[in-house]
Amino acid sequence: MITTQHIRDGYFGSFGGRFVPETLVPVLDELTHAYKQLRDDGDFQAEYAALLRDFVGRPTPLTHAQELSRRFGRAIWLKREDLCHTGAHKINNALGQGLLARKLGKTRIIAETGAGQHGVATASACALLGLECVIYMGVEDMRRQLPNVYRMRLLGADVRGVDSGSKTLKDAVNEALRDWVASVADTHYIIGSALGPHPFPSMVRDFQSVIGQETREEIVRRCGRLPDALLACVGGGSNAIGMFAPFVHDSQVRLIGVEAGGNGEALGQHAARFAGGTPGVFQGMSSLVLQNEDGQVLGTHSISAGLDYAAVGPEHAWLQEQGRAEYRRASDQQALAGFHLLSEAEGIIPALETSHAFGVLPEVAAELPSNGLVVINVSGRGDKDLAEVARLEGVDMGNGEVS
Ligand SMILES: *Cc1c(COP(=O)(O)O)cnc(C)c1O
290 MITTQHIRDG
300 YFGSFGGRFV
310 PETLVPVLDE
320 LTHAYKQLRD
330 DGDFQAEYAA
340 LLRDFVGRPT
350 PLTHAQELSR
360 RFGRAIWLKR
370 EDLCHTGAHK
380 INNALGQGLL
390 ARKLGKTRII
400 AETGAGQHGV
410 ATASACALLG
420 LECVIYMGVE
430 DMRRQLPNVY
440 RMRLLGADVR
450 GVDSGSKTLK
460 DAVNEALRDW
470 VASVADTHYI
480 IGSALGPHPF
490 PSMVRDFQSV
500 IGQETREEIV
510 RRCGRLPDAL
520 LACVGGGSNA
530 IGMFAPFVHD
540 SQVRLIGVEA
550 GGNGEALGQH
560 AARFAGGTPG
570 VFQGMSSLVL
580 QNEDGQVLGT
590 HSISAGLDYA
600 AVGPEHAWLQ
610 EQGRAEYRRA
620 SDQQALAGFH
630 LLSEAEGIIP
640 ALETSHAFGV
650 LPEVAAELPS
660 NGLVVINVSG
670 RGDKDLAEVA
680 RLEGVDMGNG
690 EVS
């Protein structure tokens, strides 16, 4: 693992930091300290690398997308995180933090989940590592994601419904934080993306940077050079920062993140933090937040649950401010087009989150030189989204239930 940013007390420029109840400060200090040591600990890294290989199935392939390359007249390569065990990149982080928790002597894990993907990854990691696992989930999300609730329970997790507020992700986060304040002695909270209070954004980035490291080695081996651009979808930002981090100092490589443009420009109709957000504090960190003039955090919309979040990881906000990374939005419609594009052209059904990156591929490809080379991070597979796409496109799936 490599770290790319020098952090002053957990800040990326003016973004990041820690905005938490007093009781959590010593825990975050302990975690920061332990993580710094384990990052340089050969045994820990070897154990993590072995789990990535034997349990997750790493390294994931780098696939040359021949038909897309032909259509767009540029060399297009795919980093295949959809082939990770559990179907997305989230397991890289869940395993890393689970292992870290065990080293810290914690026996209990808590996490929150919206669509259930992070919950499933965490429950899998806990089953493997022999850790007790409690997952908080809004009851509204549970209703929408029953197959994932069942998966988590099969994996031995205690899934607790959260009935307050909007009964969705942000209420589950609040409940998980409340649990942590009361249980820090034996419990670690696995945050699922590169956000939250320091040290989470840096730690999650480091665990996910295996994506970018493998990409870098493989593209140099196969193509003899670095890519002109990297393309990744951005929810909280973990798959994108994991892909970008090992390339941050290569200024010739464009870093392009794609966020959810939803179904309109007005606040509430999208989750485009770079387009519509302003600096603010939300769920433990300072970052770009979709909020009104009074600092009231606004509702968001996206076709994909994983990109439907009002804030973004602080390192991304900083990379944009520095002009090092650029962020675009793909609408729900563009994402659906991207979903079909990759399915039909390459035989890979992507997650709806991932589909946003393919939604902007036509415009990005056109901006590259004619011998241009781009790598797209296929953050996850689309099996979980089939019922939703069928519903949106008016396709009758028969029993209406896929799992
Ligand atoms: C959760 C998820 C995302 C969004 O999260 P990031 O932290 O931004 O990576 C993207 N793709 C898939 C497949 C996901 O499950």
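Residue numbers (my numbering): 290 to 692.
For every residue, glycine included, the Cβ atom is placed at its ideal position computed from N, Cα and C.
Taking 3 residues as the shortest admissible run, the stretch 526-563 contains the following complete beta strand (DSSP E) segments, listed from N- to C-terminal end: 543-551. Residues of the same chain with a CB within less than 7 Å of the CB of Q434, apart from the 5 flanking positions on each side, are A404, G405 in chain order. Contact between the stretch 318-337 and the stretch 621-631 is absent: fewer than three C-beta pairs spanning the two stretches fall below 8 Å.
When only Cα atoms are considered, A561 and L579 end up about 8 Å apart. Put simply, of G481, G445, S472 the residue whose alpha carbon is nearest the alpha carbon of V462 is G481. The C-alpha of Q355 is placed about 23 Å away from the C-alpha of D672.
T411 and G566 have their C-alpha atoms spaced approximately 30 Å apart. Linking F563 to A614 through their CA atoms gives a straight-line distance of about 11 Å.
Contact fails between the stretch 594-612 and the stretch 500-511, because fewer than three Cβ pairs, one in each stretch, are under 8 Å apart. Secondary structure at K395: coil, using DSSP grouped into helix, strand and coil. Straight-line spacing of the CA atoms in R397 and E642 works out to 30 Å.
Taking 8 Å as the cut-off, the C-beta of V523 counts as close to a heavy atom of ligand 1. Rounded to whole angstroms, the gap between the alpha carbons of G573 and L357 is 41 Å. If you draw a straight line from the Cα of G450 to the Cα of V438, it is about 10 Å long. The count of Cβ pairs closer than 8 Å, one atom from the stretch 371-380 and one from the stretch 670-686, reaches three, so the stretches are in contact. Taken through DSSP and simplified to helix, strand or coil, S472 comes out as helix. Judged by their CB atoms, H559 and G551 are nearer to each other than the 9 Å cut-off. Within its own chain, the residues whose Cβ lies closer than 8 Å to the Cβ of W469, once the five positions on either side in sequence are excluded, are L313, V316, I399, T476, Y478, listed in chain order. Counting C-beta atoms within 10 angstroms of its own C-beta, D597 has 16 or more neighbours from the protein chains shown and is therefore classed as buried. Within the same chain, and ignoring the five residues on either side of V493 in sequence, the residues whose Cβ sits closer than 6 Å to its Cβ are N382, A483, S527.
About 16 Å separates the CB atoms of P639 and V663; that is not less than 8 Å, and the two are not in contact. Looking at the DSSP output, S575 sits in a beta bridge with G305, V570. Annotated three-state conformation of L444 is coil, per DSSP. Contact annotation, S576 with A600: C-beta distance approximately 5 Å; criterion of less than 8 Å satisfied. For the beta strand (DSSP E) assignment, the stretch 628-659 encloses no uninterrupted run of at least 3 residues. As computed with DSSP, E319 is found in no beta bridge at all. DSSP, read as helix, strand or coil, puts R613 in coil. Inclusion of T321 and P488 in the CB contact set at 9 Å is warranted, their separation being smaller than that value.
In the DSSP assignment, I592 falls outside any beta strand (DSSP E) and carries neither an H nor an E. Proximity of the beta carbon of G669 to ligand 1 is indicated: a heavy atom of the ligand is located closer than 8 Å. Sixteen is the threshold: since fewer than 16 other Cβ atoms of the shown chains lie within 10 Å of the Cβ of L443, the residue is exposed. In this structure G531 touches G501 by the C-beta definition: roughly 6 Å separates them, less than 8 Å. M426 and G408 do touch by the CB rule: their CB atoms are close to 6 Å apart, below 8 Å. In terms of side-chain proximity, the C-beta atom of E642 is found nearer than 8 Å to a non-hydrogen atom of ligand 1. Ranking F361, G362, E421, T375 by CA distance to the CA of G387 puts E421 first.
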